[in-house]
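Have a look at the structure below before the remarks.
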Amino acid sequence: MPEKLQGSVGPEQQFKNYLSEGKFMIQRCKSLNKFFFHPRVAFPGTGERDLEWVEASGIGTVHSTTCNRRLPERGGDFNLSLITLDEGPRMMARVEGIEPDKVEIGQKVKARISSLNGELAIIFDIL
Amino acid sequence: MKQNDINNLRGKTAVVGLAESGCGIASGWSAMEIMANSVHDALDDAGIKLNEVDGVFAATAFHSMAAMSLSEYLGIKPKFADGSQIGGSSFLSHILTAALALDVGLINVAVVAYGSNQKSIGGFKTISEAMPYEAQYEPRMPVTAYALAAKRYMHEFGASREDLANVAVSARDWALLNPRAYTYDKGPLTVEDVLSARPIVDPLGKLDCCLVTDGGAAVVMTRSDRAKDTKNTPIYLLGAAMEHHHRMVSEMPDLVRTSAIDSSQRAFKMSSYKATDMDTIQLYDAFTINTLLFLEDLGFCKKGEAIELVKNSNIGPSGSLKVNTNGGGLSCVHPGMYGLFVTLEAIRQLRNSAGDNVGERSDGGWIDNAKLSVAHGNGGVLSSQVTNVWGVSETL
Chain Y
1 MPEKLQGSVG PEQQFKNYLS EGKFMIQRCK SLNKFFFHPR VAFPGTGERD
51 LEWVEASGIG TVHSTTCNRR LPERGGDFNL SLITLDEGPR MMARVEGIEP
101 DKVEIGQKVK ARISSLNGEL AIIFDIL
Chain C
128 MKQNDINNLR GKTAVVGLAE SGCGIASGWS AMEIMANSVH DALDDAGIKL
178 NEVDGVFAAT AFHSMAAMSL SEYLGIKPKF ADGSQIGGSS FLSHILTAAL
228 ALDVGLINVA VVAYGSNQKS IGGFKTISEA MPYEAQYEPR MPVTAYALAA
278 KRYMHEFGAS REDLANVAVS ARDWALLNPR AYTYDKGPLT VEDVLSARPI
328 VDPLGKLDCC LVTDGGAAVV MTRSDRAKDT KNTPIYLLGA AMEHHHRMVS
378 EMPDLVRTSA IDSSQRAFKM SSYKATDMDT IQLYDAFTIN TLLFLEDLGF
428 CKKGEAIELV KNSNIGPSGS LKVNTNGGGL SCVHPGMYGL FVTLEAIRQL
478 RNSAGDNVGE RSDGGWIDNA KLSVAHGNGG VLSSQVTNVW GVSETL
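Laid out in structure tokens, this is it:
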């Protein structure tokens with residue numbers, strides 16, 4: 001008998017499943033009381049496995065931001081940022097609803113679940 | 128647990144031959160042909176026969192098993208091979224592995240090689256898988272990652288695009304002295320040229336980004352006892368160390384501090400020299416931000432102070448720091464993975480100074496009395512960092 005994996009699906013699929021239920025969930029290590037992203041099978045660096053999924057507040061701060069230049073016929077310029085969530089972890093995302101080159105480091109943003117190229121994605125709006 | 132003294136590796140091996148080939152545009156040549164040609168030229172330079180090579184080290188963006196493919200193409204059966212792929216710094220880590228394998232006697236002659244025809248076949252080539260949690264946002268990798276670091280650097284230290292541009296201007300000034308450089312005859316750059324170049328990913332424009340060229344390179348390494356009897360001046364590996372943390376830029380702990388802080392500290396410690404002892408400084412400048420970060424992380428100045436250090440052409444031919452003296456990835460050559468080219472330049476400067484004929488440069492292109500060089504490699508998105516310290520025999 002092979003050893004069983006914990007849970008019915010892996011953390012990556014679980015994250016996507018939550019998105020399809022309309023929830024932005026991140027993992028927390030219970031013994032360390034620390035959040036992390038991206039989803040993993042154990043806490044990065046020290047390997048604790050007492051993890052739980054918690055709904056993220058969705059509030060974060062722009063840590064860095066770029067405007068990716070793209071020809072209009074290919075969709076035009078778009079924003080790409082690194083967002084530090086209020087819970088601590090950082091993630092890549094886009095900030096929308098503002099000119100892609102007008103996003104600034106330090107701005108507070110709020111997450112929503114949206115569709116990007118046919119897949120669900122976390123997108124941020126300026127708060 | 129008893130730990131062996133890693134400093135035992137200091138000076139135990141040397142590069143005794145090197146070559147580059149197909150740099151610029153090599154239409155009609157495959158990546159393998161360019162790589163193999165570089166190996167044969169490097170062996171000719173060393174005066175060592177192909178059938179003596181028993182260690183093969185290679186990585187490319189064209190071959191999933193580069194060391195095996197290269198060995199097959201060369202027609203040899205290595206006793207040890209390593210095709211580890213950690214991006215553009217792979218070759219500097221191959222040099223460390225080769226030194227270990229040579230030192231314990233697994234092998235006697237190692238070649239470290241790279242080849243690419245990316246420009247001829249349509250541009251930047253990668254075999255990287257899509258990054259989970261990033262790819263759906265369509266970052267233009269690797270540029271977007273370096274742009275995120277540059278933007279954060281500007282925010283934290285008050286740097287401007289002009290400060291980044293100074294790096295590109297000095298790199299071009301070096302290239303104008305080097306007939307091997309792709310931009311040798313393209314004239315100088317001004318800060319205004321860099322600022323007005325086509326924007327790619329803000330704040331990086333086209334001239335903040337490295338060249339896209341073809342090209343291959345190889346070095347031949349052997350143990351120092353054998354190196355003394357080869358026909359060129361051996362250049363000794365005095366120190367080598369690596370570190371990496373992240374694969375994805377979203378996982379980078381601090382966008383303005385790289386693992387080069389640690390890799391360089393350990394490499395310099397092994398070498399018994401300091402950053403300020405280096406006569407030439409060869410840094411992996413895939414983008415202008417790299418040079419600022421690595422000058423700081425390798426210890427040439429404090430964090431945030433590279434902004435001042437690169438002003439007034441101070442890292443150009445007339446400056447006090449001899450940085451990227453071939454013209455760098457920005458203005459000399461960049462065939463996708465640049466690590467062997469920082470290595471070649473670090474070693475060529477020392478060999479030229481020792482009297483070997485390693486090519487012509489205009490006045491000021493060769494550094495007088497150069498005895499120590501640092502070669503620093505970067506891979507991925509400011510991810511893998513590998514530092515090698517090279518010296519002539521009197522530095523042993």
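The listed protein sequences derive, respectively, from chains Y and C.
So that you can map any letter, position 62 of the first sequence is 62 in this note's numbering, and since no number is skipped, the others follow by simple counting.
So that you can map any letter, position 251 of the second sequence is 378 in this note's numbering, and since no number is skipped, the others follow by simple counting.
The C-beta atom is built at its ideal place from N, Cα and C for all residues, glycine as well.
If you're wondering where the values come from, they're calculated on a predicted model, not measured in any experiment.
Enumerate in chain order the residues of its own chain whose CB-to-CB distance from residue i is below 6 Å, with the five nearest sequence positions on each side excluded.
| i | result |
| --- | --- |
| residue 207 of chain C | 182, 228, 233, 234 |
| residue 371 of chain C | 386, 510, 511 |
| residue 520 of chain C | none |
| residue 254 of chain C | 188 |
| residue 501 of chain C | 405, 408, 516 |
| residue 142 of chain C | 346, 348, 362, 474 |
Do you know offhand how far residue i's Cα is from residue j's?
| i | j | result |
| --- | --- | --- |
| residue 427 of chain C | residue 456 of chain C | 20 Å |
| residue 22 of chain Y | residue 89 of chain Y | 20 Å |
| residue 48 of chain Y | residue 393 of chain C | 30 Å |
| residue 341 of chain C | residue 295 of chain C | 20 Å |
| residue 252 of chain C | residue 461 of chain C | 12 Å |
| residue 325 of chain C | residue 250 of chain C | 17 Å |
| residue 298 of chain C | residue 435 of chain C | 16 Å |
| residue 492 of chain C | residue 101 of chain Y | 40 Å |
| residue 97 of chain Y | residue 79 of chain Y | 10 Å |
| residue 402 of chain C | residue 499 of chain C | 10 Å |
| residue 315 of chain C | residue 122 of chain Y | 45 Å |
| residue 258 of chain C | residue 92 of chain Y | 11 Å |
Residues in its own chain within less than 8 Å of residue i by CB, not counting five upstream and five downstream?
| i | result |
| --- | --- |
| residue 129 of chain Y | The requested residue 129 of chain Y does not occur in the structure, where chain Y is confined to residues 1 to 127. |
| residue 20 of chain Y | 120 |
| residue 438 of chain C | 290, 293 |
| residue 115 of chain Y | 121 |
Can you tell which of the options has the C-alpha that lies nearest to the C-alpha of residue i?
| i | options | result |
| --- | --- | --- |
| residue 107 of chain Y | Y/29, Y/84, Y/45, Y/117 | Y/84 |
| residue 170 of chain C | C/136, C/349, C/276 | C/349 |
| residue 367 of chain C | C/463, C/414, C/396, C/285 | C/396 |
| residue 189 of chain C | C/484, C/464, C/485, C/477 | C/464 |
| residue 489 of chain C | C/308, C/439, C/231 | C/308 |
| residue 221 of chain C | C/200, C/201, C/187, C/246 | C/187 |
| residue 407 of chain C | C/451, C/243, C/365 | C/451 |
| residue 534 of chain C | C/145, C/381, C/237 | Residue 534 of chain C lies beyond the range of chain C shown here (128 to 523); nothing can be said about it. |
| residue 346 of chain C | C/497, C/473, C/401, C/244 | C/473 |
| residue 390 of chain C | C/317, C/180, C/518, C/513 | C/513 |
| residue 179 of chain C | C/477, C/507, C/238 | C/238 |
| residue 246 of chain C | C/343, C/448, C/317, C/356 | C/343 |
Note the first and the last residue of the continuous alpha helix (DSSP H) segment covering residue i.
| i | result |
| --- | --- |
| residue 171 of chain C | 158-173 |
| residue 372 of chain C | Taken as a continuous stretch (DSSP letters only), residue 372 of chain C belongs to no alpha helix (DSSP H), as it is neither H nor E. |
| residue 318 of chain C | 318-323 |
Give me, in chain order, the residues of the same chain whose beta-carbon lies closer than 7 Å to that of residue i; leave out the 5 immediate sequence neighbours on both sides.
| i | result |
| --- | --- |
| residue 466 of chain C | 215, 216, 217, 218, 219, 411, 504 |
| residue 194 of chain C | 183, 184, 185, 208, 209, 210 |
| residue 103 of chain Y | 62, 65, 79, 81, 95 |
What do you reckon, is the C-beta of residue i under 7 Å from a heavy atom of the ligand FAD?
| i | result |
| --- | --- |
| residue 404 of chain C | Here there are no bound small molecules, and the ligand FAD is not part of this structure. |
Within the continuous beta strand (DSSP E) that includes residue i, where are the two ends?
| i | result |
| --- | --- |
| residue 484 of chain C | Note, residue 484 of chain C: premise wrong, no beta strand (DSSP E); not H, not E. |
| residue 112 of chain Y | 108-116 |
| residue 271 of chain C | Here residue 271 of chain C belongs to no beta strand (DSSP E); instead the alpha helix (DSSP H) covers 270-284. |
| residue 85 of chain Y | 78-85 |
| residue 326 of chain C | 326-328 |
| residue 60 of chain Y | 59-68 |
| residue 435 of chain C | That residue, residue 435 of chain C, is in no beta strand (DSSP E); its alpha helix (DSSP H) goes 433-436. |
| residue 34 of chain Y | 34-36 |
| residue 243 of chain C | 236-243 |
Practice item. Determine contact between the stretch 320-340 of chain C and the stretch 278-298 of chain C, defined as no fewer than three beta-carbon pairs at a distance below 8 Å. Key: Three or more pairs of CB atoms, one per stretch, sit closer than 8 Å, so the stretch 320-340 of chain C contacts the stretch 278-298 of chain C.
Check your understanding: Quick check: the stretch 58-66 of chain Y against the stretch 107-116 of chain Y, are there 3 or more CB pairs under 8 Å?
Key -> yes
Check your understanding: Are three or more beta carbon pairs between the stretch 273-285 of chain C and the stretch 415-424 of chain C nearer than 8 Å?
Key -> yes
Review point. Is the number of C-beta pairs between the stretch 264-276 of chain C and the stretch 358-367 of chain C that are closer than 8 Å three or more?
Key: No: the two stretches stay apart, fewer than three of their Cβ pairs being nearer than 8 Å.
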